[in-house]
Each structure stands twice: as C-alpha cells, then as structure tokens.
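Heads up: the sequence shown runs through residues 2 to 292, numbered per the working numbering. Here is the structure we will look at, set down as structure tokens.
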Amino acid sequence: MTGFSRAEIGEGERRWSWEIRSVNGRNLDLRLRLPAGCEALEPQLRQAVPERCRRGNISVQLEAARQGQPQTRYRINRAALDQVIQAAKDLGMLVDAERPRLDGLLALPGVVERIDEEESEEARDARLALLLKGFGEALDGLVRMRAEEGARLARIALDQLQEIERLVGRARSLAAAQPEAQRARFRQQVGELLAQVPALSEDRLAQEFALLIAKSDVREELDRLTAHIEASRALVKAGGAIGRKLDFLCQELNREANTICSKSADLELTAVGLDMKAVVEQFREQVQNIE
Numbered sequence: 002m003t004g005f006s007r008a009e010i011g012e013g014e015r016r017w018s019w020e021i022r023s024v025n026g027r028n029l030d031l032r033l034r035l036p037a038g039c040e041a042l043e044p045q046l047r048q049a050v051p052e053r054c055r056r057g058n059i060s061v062q063l064e065a066a067r068q069g070q071p072q073t074r075y076r077i078n079r080a081a082l083d084q085v086i087q088a089a090k091d092l093g094m095l096v097d098a099e100r101p102r103l104d105g106l107l108a109l110p111g112v113v114e115r116i117d118e119e120e121s122e123e124a125r126d127a128r129l130a131l132l133l134k135g136f137g138e139a140l141d142g143l144v145r146m147r148a149e150e151g152a153r154l155a156r157i158a159l160d161q162l163q164e165i166e167r168l169v170g171r172a173r174s175l176a177a178a179q180p181e182a183q184r185a186r187f188r189q190q191v192g193e194l195l196a197q198v199p200a201l202s203e204d205r206l207a208q209e210f211a212l213l214i215a216k217s218d219v220r221e222e223l224d225r226l227t228a229h230i231e232a233s234r235a236l237v238k239a240g241g242a243i244g245r246k247l248d249f250l251c252q253e254l255n256r257e258a259n260t261i262c263s264k265s266a267d268l269e270l271t272a273v274g275l276d277m278k279a280v281v282e283q284f285r286e287q288v289q290n291i292e
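Take a look at the structure:
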C-alpha cells in the first residue's frame with residue numbers, strides 16, 4: 002500500500018525531520034537512511050515498523066539540521082607543531098632556506114585540530130528518545146494514510162466481487178440449459194452416425210451421452226466460486242492484514258473460472274467464463290495493494 006508521512010522535531014538549535022514512504026510490495030521490505038550518530042535507533046525501528054505494517058516497500062529517512070551557524074572551536078596540536086619546527090631546523094642545517102612562515106605551519110595537516118562537541122551519555126539518551134518520539138508520530142501518520150487507502154480499495158474490491166457474483170449467476174442459468182442443448186446436438190450427431198454405423202446399441206449411446214454430460218457439468222465449479230466469493234467478501238469487510246489470504250482466494254477464483262471455460266460446451270457460457278477471468282484479474286491487481 003502506498004503512503005507518505007513526515008514529522009519534525011527540535012531541541013534547541015537542532016532540528017530533525019522524519020520521512021516515511023510506502024509503495025506496494027508483495028512482502029515487507031524496510032530500508033533505513035540514518036545520519037551519523039543515530040545508528041543506535043536502527044534495531045528499534047526495525048522492530049516497530051513490522052508491528053504496524055505487514056506488506057510494502059517502506060523507506061525511512063532521518064535528516065538533521067541546525068539553525069544558525071554552529072560554534073566551531075580549534076586547538077593547536079603542540080606535539081605535531083614541535084615536530085615540524087624541529088624538522089625545519091634540522092633541514093636548515095643542511096640547506097640554505099628561508100624560515101617557515103606561521104601561516105604555512107598552521108596549514109600543515111594535523112597541526113590545527115577541530116574540537117568536536119562532546120555529548121554526554123544522558124544527553125545522547127535524551128536525544129535518541131526524542132527522535133523515537135518523532136518517528137512514532139511519522140509512523141502513525143503513515144498508518145493512517147494506508148488505512149484511508151485501504152478503505153478505498155475495500156470498496157473497489159467489494160464491487161468487483163459483486164460483479165464476479167453476477168457472472169456466476171449468469172453462468173449458472175446458462176449451465177442449467179446446457180444439458181438440453183447438448184442433448185439436441187447429440188441426437189443430431191447420433192442420427193448422422195447411425196446412418197453410417199447402424200449396429201451401435203442404444204445402451205452404448207446412452208453411456209456416451211451420460212459421459213458427455215458429466216464432463217461438461219460445471220455446477221461444482223460454480224458452487225466453489227460462490228464459496229470463494231463469500232470468503233473474500235468476509236475478509237475484506239473484516240479488514241486487517243488480509244492480503245496474503247486474498248492472494249490465495251484469487252488463485253482459487255481464477256482456477257475455477259479456467260475450468261468453466263475448458264468444460265463449457267456453449268459459446269455464451271464460455272464468453273461469461275472469459276468475462277469472469279477478466280474481473281478476477283482486476284480483483285487480483287487490487288489485492289496486491291492490500292496489506
């Protein structure tokens with residue numbers, strides 16, 4: 002299921018923003034992008050998302066910003082500076098050269114060091130707790146959006162199930178008239194056959210006709226279709242994580258529709274079966290978006 006959510010939080014001059022995106026997926030695929038210093042959040046995020054979302058490709062991104070210019074402090078690495086000065090003195094005894102300038106010495110790597118802001122353990126824990134709070138708000142927003150989309154998909158799915166049910170009713174009425182139409186065709190074919198092979202017994206002909214009727218009987222398939230429609234409708238109305246169960250029922254609906262087409266001895270019944278297959282495919286496409 003698709004969805005997007007954003008949540009912003011702040012503390013002093015520091016600001017963080019969570020973005021969570023979700024697109025359709027058969028399984029749950031979670032991807033995290035966290036800035037340096039926030040790696041400790043990953044185990045909790047990977048636990049929280051599957052508790053609320055069962056399917057979909059979900060990407061979580063955290064961005065950090067600071068209002069105003071941060072105060073940066075520097076210090077001189079005296080040990081490194083002394084080594085450079087001593088090396089310059091030693092080389093000055095071997096070659097005639099100008100004394101090194103101060104700006105040149107300060108530009109050497111390692112002589113000037115930036116002092117990074119140190120964070121206490123208490124401050125770190127408080128920052129992580131604040132970030133988790135913001136993530137919870139973003140995840141709540143995503144779940145709400147997915148639920149709204151799920152409600153729209155449920156209405157579409159119920160309409161498609163109603164259409165499949167209508168086609169099943171049409172197929173049932175055509176199937177009821179199918180034996181009589183087959184009997185008429187069979188009598189015509191038998192009449193033509195007896196004109197050429199008069200020795201065929203009536204018992205054998207009756208057996209052949211009974212076998213033909215049995216092979217073209219689609220009542221069991223129609224009964225199973227009705228049961229699958231009722232089960233699918235109950236799942237959609239119940240809601241929750243029903244996507245995988247509906248996947249299975251889509252396969253069963255398609256299998257029964259295929260069987261009706263293969264067993265049909267009537268062009269109109271075959272056409273209804275093909276229409277049924279088309280609607281089942283549309284239903285299956287919607288099911289891929291349902292959690």
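Quick reminder that beta carbons are idealized off the backbone N, C-alpha and C, glycines included.
Beta-carbon proximity check, residue i vs residue j, cutoff 8 Å
{"i": "Leu140", "j": "Ile10", "result": "no"}
{"i": "Val112", "j": "Tyr75", "result": "no"}
{"i": "Glu12", "j": "Arg128", "result": "yes"}
{"i": "Val36", "j": "Ala65", "result": "A small fix is needed here, since residue 36 is Pro in this sequence, not Val. Yes, they are a contact pair."}
{"i": "Glu282", "j": "Gly244", "result": "no"}
{"i": "Leu154", "j": "Asn290", "result": "yes"}
{"i": "Val219", "j": "Ile261", "result": "yes"}
{"i": "Ser18", "j": "Met146", "result": "no"}
{"i": "Leu106", "j": "Val85", "result": "yes"}
Buried versus exposed call for residue i [16 or more other C-beta atoms within 10 Å across all chains shown]
{"i": "Leu222", "result": "Residue identity differs from the one stated: residue 222 is Glu in this sequence, not Leu. Buried, by the Cβ-count rule."}
{"i": "Lys90", "result": "exposed"}
{"i": "Phe136", "result": "buried"}
{"i": "Ile165", "result": "buried"}
{"i": "Glu99", "result": "exposed"}
{"i": "Leu92", "result": "exposed"}
{"i": "Glu257", "result": "buried"}
{"i": "Phe249", "result": "exposed"}
{"i": "Val288", "result": "buried"}
{"i": "Ser263", "result": "exposed"}
{"i": "Ala124", "result": "exposed"}
Rounded straight-line distance, which links the Cα of residue j to that of residue i
{"i": "Glu20", "j": "Leu103", "result": "48 Å"}
{"i": "Gly142", "j": "Arg22", "result": "11 Å"}
{"i": "Ala88", "j": "Ala108", "result": "16 Å"}
{"i": "Arg171", "j": "Glu269", "result": "10 Å"}
{"i": "Asp83", "j": "Ile77", "result": "11 Å"}
{"i": "Leu159", "j": "Gly4", "result": "22 Å"}
{"i": "Leu162", "j": "Glu150", "result": "18 Å"}
{"i": "Arg32", "j": "Asn259", "result": "39 Å"}
{"i": "Ala152", "j": "Cys251", "result": "19 Å"}
{"i": "Arg53", "j": "Glu122", "result": "30 Å"}
{"i": "Glu286", "j": "Gly274", "result": "19 Å"}
{"i": "Ala266", "j": "Pro51", "result": "50 Å"}
{"i": "Thr227", "j": "Gln48", "result": "40 Å"}
{"i": "Lys246", "j": "Arg15", "result": "46 Å"}
{"i": "Asp1", "j": "Arg79", "result": "Within the shown structure, residues of the chain are numbered from 2 to 292, placing residue 1 beyond reach of any answer."}
{"i": "Leu168", "j": "Arg34", "result": "49 Å"}
{"i": "Ala232", "j": "Asn255", "result": "15 Å"}
{"i": "Val144", "j": "Ala8", "result": "13 Å"}
{"i": "His229", "j": "Ala235", "result": "10 Å"}
{"i": "Arg225", "j": "Asp126", "result": "58 Å"}
{"i": "Phe284", "j": "Glu253", "result": "12 Å"}
{"i": "Arg55", "j": "Gly38", "result": "28 Å"}
{"i": "Ala272", "j": "Ala148", "result": "37 Å"}
{"i": "Ala81", "j": "Val96", "result": "22 Å"}
{"i": "Pro110", "j": "Arg67", "result": "28 Å"}
Reduced DSSP category for residue i - H, G, I as helix; E, B as strand; rest coil
{"i": "Ala152", "result": "helix"}
{"i": "Asp30", "result": "strand"}
{"i": "Gly57", "result": "strand"}
{"i": "Ile243", "result": "coil"}
{"i": "Arg67", "result": "strand"}
{"i": "Gly11", "result": "strand"}
{"i": "Arg22", "result": "strand"}
{"i": "Ser174", "result": "helix"}
{"i": "Val113", "result": "strand"}
{"i": "Arg234", "result": "helix"}
{"i": "Ser263", "result": "helix"}
{"i": "Gly142", "result": "helix"}
{"i": "Tyr4", "result": "Reading off the sequence, residue 4 comes out as Gly, not Tyr. Strand at Gly4."}
{"i": "Ile165", "result": "helix"}
{"i": "Ile291", "result": "coil"}
{"i": "Arg16", "result": "strand"}
{"i": "Leu74", "result": "For the sequence presented, residue 74 should be read as Arg rather than Leu. Arg74 falls in the strand class under three-state DSSP."}
Residue-chain proximity (residue i, chain D), Cβ-Cβ < 8 Å
{"i": "Asn58", "result": "Protein chains in the displayed structure number just one, and chain D is not present."}
Any non-hydrogen atom of the ligand GDP closer than 7 Å to residue i Cβ
{"i": "Ile230", "result": "In the structure shown, the ligand GDP is absent, as is every other ligand, since no ligand is present at all."}
Item to check | Segment contact, 8 Å Cβ cut-off, at least three pairs: the stretch 164-175 with the stretch 41-48 | outcome: no
Checklist entry - With contact counted as at least three CB pairs below 8 Å, one residue from each stretch, are the stretch 268-278 and the stretch 231-242 in contact? => result no
Checklist entry - Is it true that the stretch 54-62 meets the stretch 26-36, where meeting means three or more beta-carbon pairs spaced less than 8 Å apart? => result yes
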